[in-house]
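**Student:**
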Amino acid sequence: MNVTIVGTGYVGLVTGACLAELGNNVFCPDVDQNKIKLLNAGGMPIHEPGLEEIIQRNVEEGRLRFSSDVAASVAFADVQFIAVGTPPDEDGSADLKYVLAAARTIGRHMDGFKVIVDKSTVPVGTAEKVEAAVREELAARGLADMEFSVASNPEFLKEGAAIEDFMRPDRIVLGVATDAGGERALAALRELYRPFNRNHERTRVMDVRSAEFTKYAANAMLATRISFMNELANLADKVGADIELVRQGIGSDPRIGYSFLYAGTGYGGSCFPKDVDALCRTAQENGLPLQVLDAVQRVNASQKKVLLDKVWARFGHRTEGRVFAIWGLAFKPGTDDMREAPSRSIIEALLRAGATVRAHDPVAQEQAARALASDMADQPDLMRNITFVAQPLDAAQGADALIVLTEWKNYKSPNLRALKNALRSPLVLDGRNIYEPHAMAAAGLTYMGIGRNNAALLKAEDRLPEVAEGLVEPNERVTSAA
Ligand code: UDX
C-alpha cells in the first residue's frame, strides 16, 4: 500500500520505517527542512536501536522517502497518518496546533477520498476537530462534499524498544466512525495491519473517542503502578522492608504481574508526564477530577527528590567541594531522550548547591549537556562544574558518592573493587535498584537504594525461591562480579 506519515518525529519515523519494512511505500513529509535534509543525507535525528538500519535499507530499496513537499505527500497516498508532536501548552493540556496544521494541509491538497489517521496522542474529541479543520479547507476550495474519514490509531511504543513494539504489537487499536467512510477507513487499516494478525487477531476495533481514551488510560494505569510502588518503597525504607523482595512477592500474582513495578527516581520521558497531565486536565474540564491520578502526579514530583534527600541527609545542603559521580542521564536505557529525565532536576540541584558533577551516559551526554544548560540558563557558570566522561569508572574517580540514575546494562555488573578504589567515600545511591545490597556491603560499599535498605541484612539463601531460580531479575551478576 501507499502510506503517508506526516511528521518525522519519534513516532512518525518509527511508524514510517516499520511500515516500509513490511513492504509498503511510505512517504514521510516534515515541515522541518533541516530534519528532512539530515534524513536524506543518511543522518538520524534520534537514537533508537535498529531504526537506522531499517531506514537505510528501505530508502535504498525505494520504499521510504523523506521530503518537505507536502502537496506531493498528500497526493501520494489514500491513507494519511498524522504523527506530529502534541507538546503540553501552559496549562498542561495537549497543544493541538501541529495536529490541526497537518489536517489543514491535507484538506488544502487532497483531491479524493482520504483516510486521515490520528497517530499522535491526542485528547478525546480531537478527531472531530481534525475533521472540522479538513472540512473547512475543503469548503474554502469549493469542495465541501469531498469525502474523507478520520480514524484514531494510537501508538503504544516504548522508546528504546520501539521497533520491537511496532513489529510485535500486543494490540492494534483502531477507532473508526460508524458511517460508510468509517468502513472504508477500517478496511484500509485492516489491510495495512494484516501482517500482524496472522497468528491471532490483535486488532481492537472501537469508536473513535474510545480509541483516543484508550491511549491515555493505558499510560495513566502504568504511571499509577509506578507511583504506587514508589510510595510503597518509601514506606519500606521506613519500616525496614526491601521493596525488591516485595515486588517479587506481589508480582507472582498473575493479577498483578511483574512488569512496571520497579521503584525508582520517578517516571520521566515524553509520554507519561505529559499524558497523565493532559488526562488530569480533561478530567477537570469535565468536572470530574481524577483523584487517584492527581496523586500519581504529586507522588512522581516528590519521588524525583528522594535521592536528593538522601544526599542532603548525608552531606548537608551546601555541597561545595563535594564531587558526585552520575551514571545514567537519559530518562531510561536505550534512548538519548532527556525529556523529563530525573537526572536533570537531580544534577541541577547538586550543581546549585555548590557540588561538582562527573557524569557518564553511553548515548545521552550531548543531549544532557544541552538540556542542563537550558535548565540553568540563569546561572550558566554552573555548567563549568559538570564534566562528561568517557568511561563510567572515570566518573567515580575521587567522588564522594556514586548516584545511579539510569539502569543501562553496562552499569549492572561493575567491578566493585575498582569502583570502591575509585570513590573517595564508598557511597552508592542506586536510583534504579540495580544492585544487590549484600553484594555492595560485601565489597565495602555503603549502599542506598530506593526502599531497600533492610536487604543488606538478608543472606543470599534467604531470598525467595523465584529469585534463586532466576524467574525474576535478581541482579545476580553483580554478586558474581564482586
Ligand atoms: C511509554 C509507554 O510505555 C508507551 O506505551 C507509550 O506509548 C509511551 O510512553 P516510554 O515513555 O518510552 O513509553 O517509556 P517506559 O518504558 O514506559 O517508561 C516510562 C518511565 O517510567 C521511565 O522514566 C521509566 O524509568 C519509568 N518506569 C518504568 C519506572 O520508574 N518503573 C517501572 O517499573 C517502569
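Numbering-wise, the working numbering puts 64 at position 75 of the sequence shown, and it's gapless, one number per residue.
Cβ coordinates follow ideal geometry from the N, Cα and C atoms, glycine included.
Treat the numbers as computed from the prediction; the structure is a model and nothing was measured.
(1) Please report the Cβ distance between A83 and P112, rounded to the nearest whole angstrom; I am assuming they are in contact, meaning their Cβ atoms lie under 8 Å.
(2) Is the stretch 287 to 306 close to the stretch 360 to 380, with three or more CB pairs under 8 Å?
(3) Quick check on G164: does DSSP put it in helix, strand or coil?
(4) Are the CB atoms of V73 and A140 nearer to each other than 9 Å?
(5) Is the separation between the beta-carbon of A71 and that of I105 shorter than 9 Å?
(6) Can you list, in chain order, the residues of its chain with a C-beta nearer than 7 Å to that of G310? Leave out the 5 residues immediately preceding and following it.
(7) Let me confirm a value: Q286 is counted as buried when at least 16 other C-beta atoms fall within 10 Å, else exposed. Which label applies?
(8) Following a CB-centred definition, is N208 positioned closer than 8 Å to any heavy atom of ligand 1?
(9) For S241 and S248, I'd like the C-alpha separation in whole angstroms.
(10) Taking DSSP's pairing of strands, which residues face Q386 in a bridge?
(11) Any contact between the stretch 54 to 66 and the stretch 162 to 169? By contact I mean 3 or more CB pairs, one from each, below 8 Å.
(12) Can you tell me which residues form a DSSP beta bridge with F249?
(13) Determine the direct distance from the alpha carbon of H349 to that of D21, and round the result to whole angstroms.
(14) In chain order, which continuous runs of the beta strand (DSSP E) of length 3 or greater are located wholly inside the stretch 161 to 212?
(15) Are there 16 or more other CB atoms within 10 angstroms of the CB of H189, so buried, or fewer, so exposed?
(16) Going by C-alpha to C-alpha distance, which of A30, G5, G12 sits closest to P18?
(17) Check A432 in the structure and name its three-state DSSP category.
(18) Measure the C-alpha to C-alpha separation of P34 and G258 and round it to an integer number of angstroms.
(19) What residue from V235, A212, A252 has the CA that sits closest to D264's CA?
(20) Would you call I245 buried or exposed, if buried means 16 or more other Cβ atoms sit within 10 Å of its Cβ?
(21) Of the residues L85, S216, E220, Y251, which one's Cα is nearest the Cα of E233?
(22) Alpha carbon to alpha carbon, how far is R173 from E201?
(23) Taking 8 Å as the cut-off, is the beta-carbon of Y251 closer than that to any non-hydrogen atom of ligand 1?
(24) Which residues share a DSSP beta bridge with A83?
(25) Starting from N29 and walking both ways along the alpha helix (DSSP H), at which residues does that stretch end?
(26) Once you ignore the five residues that flank N13 on each side, which residues in its own chain have a CB closer than 6 Å to its CB?
(27) Name the residue from T192, T271, N289 whose alpha carbon lies nearest to the alpha carbon of N219.
(28) Quick one: residues in its chain with C-beta nearer than 6 Å to the C-beta of P381, no 5 flanking neighbours on either side, listed in chain order?
(29) Which term fits M210, buried or exposed, when burial requires 16 or more other beta carbons within 10 angstroms of its beta carbon?
(30) When DSSP labels each residue in this structure, what does I95 get in the three-state scheme?
(31) Where T395 and A411 are concerned, what is the direct C-alpha to C-alpha distance, given to the nearest angstrom?
(32) Looking at ligand 1, does it come within less than 8 Å of R160, judged from the CB to the closest heavy atom?
(33) So the beta strand (DSSP E) I315 belongs to, where does it begin and stop?
**Tutor:** Result, derived from the coordinates:
(1) 5 Å
(2) no
(3) strand
(4) no
(5) In the sequence under discussion, the amino acid at residue 71 is Ile, which differs from the Ala named in the question. Taking 9 Å as the Cβ cut-off, I71 and I105 qualify as a contacting pair.
(6) none
(7) buried
(8) yes
(9) 10 Å
(10) Looking at the DSSP assignment, Q386 forms no beta bridge with any residue, so it has no partner.
(11) no
(12) Partner(s): none; F249 has no beta bridge.
(13) 31 Å
(14) 161 to 164, 192 to 195
(15) exposed
(16) G5
(17) coil
(18) 17 Å
(19) A212
(20) exposed
(21) Y251
(22) 19 Å
(23) yes
(24) P77
(25) 22 to 29
(26) M(-10), V(-8)
(27) N289
(28) W316, H349
(29) exposed
(30) helix
(31) 20 Å
(32) no
(33) 312 to 316
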